[in-house]
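Take a look at the structure set out below.
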């Protein structure tokens with residue numbers, strides 16, 4: 002745990018099949034004018050919209066709606082939401098959906114009272130903290146993956162500028178005040194989206210784990226989370242209706258990205274940088290872009306972080322170390338990870354996502370290189386990793 | 002993660018060698034009249050008292066002192082503190098010390114405005130929640146072990162009634178608003194106290210881990226914490242000044258008992274019940290009472306929770322399962338745990354703590370039997386475990 006750091010995550014989590022019952026108590030704490038934010042309308046099909054509206058009505062709330070939040074919420078949609086929220090004098094934002102809807106709601110909560118400021122420049126280029134009053138946000142989570150339900154992060158896309166920017170706000174009051182997490186809500190998701198989400202979770206943990214030389218408690222917690230995700234993912238692909246498996250995946254997802262396992266760590270995040278570039282070129286599902294570049298990337302940097310990759314093999318994948326050199330052990334770990342990724346049916350090649358040799362220049366140019374991991378990549382290194390991912 | 006549960010731990014943790022710097026910012030959030038609570042005065046010897054007083058003065062606080070909190074804070078001391086706090090019109094309680102000082106401060110924060118209520122009956126027998134206004138508590142932690150820095154628990158002793166009762170309050174505002182955690186503060190502790198604290202931490206994890214048949218994420222996190230504590234404890238007994246080791250122990254201690262790894266679990270807590278009875282009879286150090294009864298207890302219940310004990314052997318102690326029956330594997334895990342306890346120099350017999358055959362009746366009668374673990378003990382079972390611990 003070297004270094005100085007702080008930790009504060011006040012979000013109240015309500016977990017389980019009856020979690021929604023707690024919406025009553027929580028709503029009483031906030032003002033009458035509620036803005037209900039959601040996505041493409043799947044909550045209308047599965048009955049969640051009606052259940053939430055009934056509770057809002059029960060609690061005497063005056064509700065305006067901001068529907069249609071897209072998978073990569075845009076800055077234009079954000080301005081639209083600001084208009085709706087201002088017209089409604091919204092006092093509370095209730096986000097019902099996955100990471101995109103919750104991310105968007107957090108961006109909205111800092112924007113409603115930001116006056117005429119250029120929201121893109123202010124929050125997603127200059128990364129300023131809000132000085133205006135922010136609105137409280139509550140969340141009802143319907144997908145596991147991003148961890149947005151218990152952090153202060155918001156990712157917004159500027160489509161014309163082809164930029165997708167994330168801002169982790171400093172003030173914990175930007176985090177959802179509460180999140181309602183019923184694993185049953187995640188069960189209607191198609192298998193492709195389920196496994197993409199599972200890999201997103203797993204990679205969030207890897208990004209934090211594969212950095213640093215110290216013997217940090219965060220690494221041990223990360224290993225526990227990885228083992229849990231591996232076990233539960235194997236159960237969930239056999240039977241997506243396995244409640245225990247889906248609930249462990251949902252809970253692990255929250256703890257994978259709520260800052261706990263990053264304490265005392267520098268963090269790598271290069272798989273996300275490579276994957277975001279792939280997303281810009283192919284518009285593929287986020288988790289699949291990460292899956293396609295992960296093994297080529299980890300094999301490329303493995304020698305620079307050999308002790309950690311050997312530990313990963315033994316602790317996370319139960320590889321027997323006897324008779325193996327440290328390097329062979331490290332390789333066996335990544336081989337075990339590859340087998341698991343195949344079991345899940347994850348995308349392991351950029352070609353499957355629509356990229357080709359002709360995309361290489363765009364992929365390389367779209368990649369931001371960070372410096373927190375075991376190796377800092379040159380442009381040529383980035384090109385090599387992408388070429389290996391084809 | 003079966004079942005419905007909630008999680009909310011808003012305590013802000015400041016960790017590291019410069020953690021105390023953050024006291025300035027935090028104090029600005031609270032009123033002028035501060036009650037400074039501490040124990041036997043070791044903070045006066047190591048300079049912490051002076052450093053804290055200087056910051057309190059800097060922030061213009063009006064300070065009253067409530068020193069002399071004992072290792073097992075009594076109900077009489079609590080009444081004394083209430084008097085001091087009322088006379089001072091205290092608006093904020095600053096606890097500087099280990100778990101006893103912080104526990105006591107939480108009991109005090111619900112008691113100051115409780116009027117003429119019988120505090121013992123109200124909070125530690127009837128376990129009522131406070132309906133009065135409570136005072137905010139901040140903590141500066143000087144010992145790792147109890148987890149009091151990030152939970153809402155308080156243990157108070159009634160010496161005449163020979164009762165030591167713990168109340169985990171429901172409202173998260175009873176948790177310290179912030180805790181300052183500098184691992185250096187823990188380094189002046191004698192080795193006996195250090196290893197007793199380490200075993201207390203380890204056993205907090207065991208108590209939550211050894212319950213339930215489900216495949217809960219909490220178990221995987223618990224295994225990560227146990228592995229971290231084992232590794233760091235081995236480094237710390239070689240060199241108690243190993244900052245990295247002491248910092249991992251301090252951080253693990255917080256997460257071992259802040260409710261995270263109990264989510265979705267029933268919890269056993271029988272080692273603590275047995276240990277508390279030993280404490281009542283011998284007045285021995287808490288962690289050592291747990292150490293003395295643990296192996297006899299776990300060996301006694303092992304067959305009732307065989308799959309979990311076998312998993313414990315493999316995952317926590319890296320026991321090679323090949324050629325072993327499940328039972329042999331489970332036994333090997335407890336043998337590995339025994340070796341580790343010997344390495345640390347933990348007390349493995351009640352005789353060392355001053356108990357004998359003559360104490361058995363008192364020990365048995367002083368034990369509260371709980372029902373959340375793998376086996377519910379009869380009185381005869383309890384006697385057998387104590388007899389095996391002699």
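Residue numbers (this note's numbering), protein chains in the order written: chain Z, 2 to 391; chain G, 2 to 391.
The beta-carbon is built from N, C-alpha and C at its ideal position, and this holds for glycine as well.
- Under DSSP, residue 165 of chain Z shares a beta bridge with Z:158.
- In the DSSP assignment, residue 111 of chain Z falls within the unbroken alpha helix (DSSP H) covering 100-112.
- Contact with chain Z is absent for residue 186 of chain G, since none of that chain's Cβ atoms lies less than 8 Å from the residue's Cβ.
- For the 8 Å CB-CB criterion, residue 125 of chain Z and residue 166 of chain Z form a contact.
- For residue 41 of chain G, the secondary structure class from DSSP, reduced to helix, strand or coil, is coil.
- For residue 286 of chain G against residue 197 of chain G, the beta-carbon gap comes to about 5 Å, under 8 Å, which counts as contact.
- Residue 8 of chain Z is bridged by DSSP to G:14.
- Under the 8 Å criterion on CB atoms, residue 109 of chain Z is classed as non-interfacial with respect to chain G.
- Relative to residue 18 of chain G, the option among Z:26, Z:7 and Z:243 whose CA is nearest is Z:7.
- Taking the beta carbon of residue 312 of chain G as reference, no residue of chain Z falls within 9 Å; the closest one sits roughly 11 Å away.
- Positions of the beta strand (DSSP E) runs, each at least 3 residues long and wholly inside the segment 114-145 of chain Z, are given as 138-142 in order along the chain.
- Residue 26 of chain G is outside the set of residues whose beta carbon lies under 8 Å from a beta carbon in chain Z.
- Straight-line measurement puts the Cα of residue 21 of chain Z at about 17 Å from the Cα of residue 189 of chain Z.
- By the criterion of a C-beta distance shorter than 6 Å, residue 367 of chain Z is surrounded in its chain by 278 and 281, once the five residues flanking it on both sides are discounted.
- In the displayed model, residue 49 of chain G falls within a helix according to three-state DSSP.
- In this structure, the CA atom of residue 69 of chain G is about 10 Å from the CA atom of residue 82 of chain G.
- DSSP, read as helix, strand or coil, puts residue 211 of chain Z in coil.
- Taking 8 Å as the threshold, the shortest C-beta distance from residue 331 of chain G to chain Z does not fall below it.
- Listed in chain order, the non-local C-beta contacts of residue 391 of chain Z below 6 Å within the same chain comprise 351 and 352, local neighbours out to five positions each way being set aside.
- Only exposed fits residue 192 of chain Z, as fewer than 16 other CB atoms lie within 10 angstroms of its CB.
- For residue 356 of chain G, no alpha helix (DSSP H) segment is defined, and its DSSP state is neither H nor E.
- When Cβ-Cβ separations below 8 Å define contact, residue 172 of chain G makes no contact with chain Z.
- Taking the Cβ atoms as the reference, residue 92 of chain Z lies roughly 5 Å from residue 34 of chain Z, within the contact range of under 8 Å.
- The segment 219-228 of chain G and the segment 301-320 of chain G touch, with no fewer than 3 CB-CB distances between them shorter than 8 Å.
- Counting along the chain, residue 63 of chain G sits inside no alpha helix (DSSP H); it lies in the beta strand (DSSP E) bounded by residues 63-67.
- For residue 36 of chain Z, the three-state secondary structure derived from DSSP is strand.
- A Cβ-Cβ contact shorter than 8 Å links residue 378 of chain G with residue 370 of chain G.
- Residue-level contact check: residue 240 of chain Z does not touch chain G, since none of the beta carbons of chain G fall below 8 Å from its beta carbon.
- Look at residue 28 of chain Z here: in three-state DSSP terms it is helix.
- Taking C-beta atoms as the reference points, residue 94 of chain G and residue 53 of chain G fail to come closer than 8 Å.
- Per the C-alpha coordinates, the member of G:199, G:115, G:146 and G:187 positioned closest to residue 346 of chain G is G:199.
- In this structure, DSSP gives residue 71 of chain Z a state outside helix and strand, which the three-state scheme calls coil.
- Nearest CB-CB separation between residue 6 of chain G and chain Z: below the 8 Å threshold.
- CA-CA distance, residue 163 of chain G to residue 182 of chain G, rounds to 33 Å.
- Within chain G, the residues 9, 10, 11, 12, 13 and 173 have their CB atoms less than 9 Å from the CB of residue 11 of chain Z, given in chain order.
- For residue 329 of chain Z and residue 322 of chain Z, the gap between their C-alpha atoms comes out near 9 Å.
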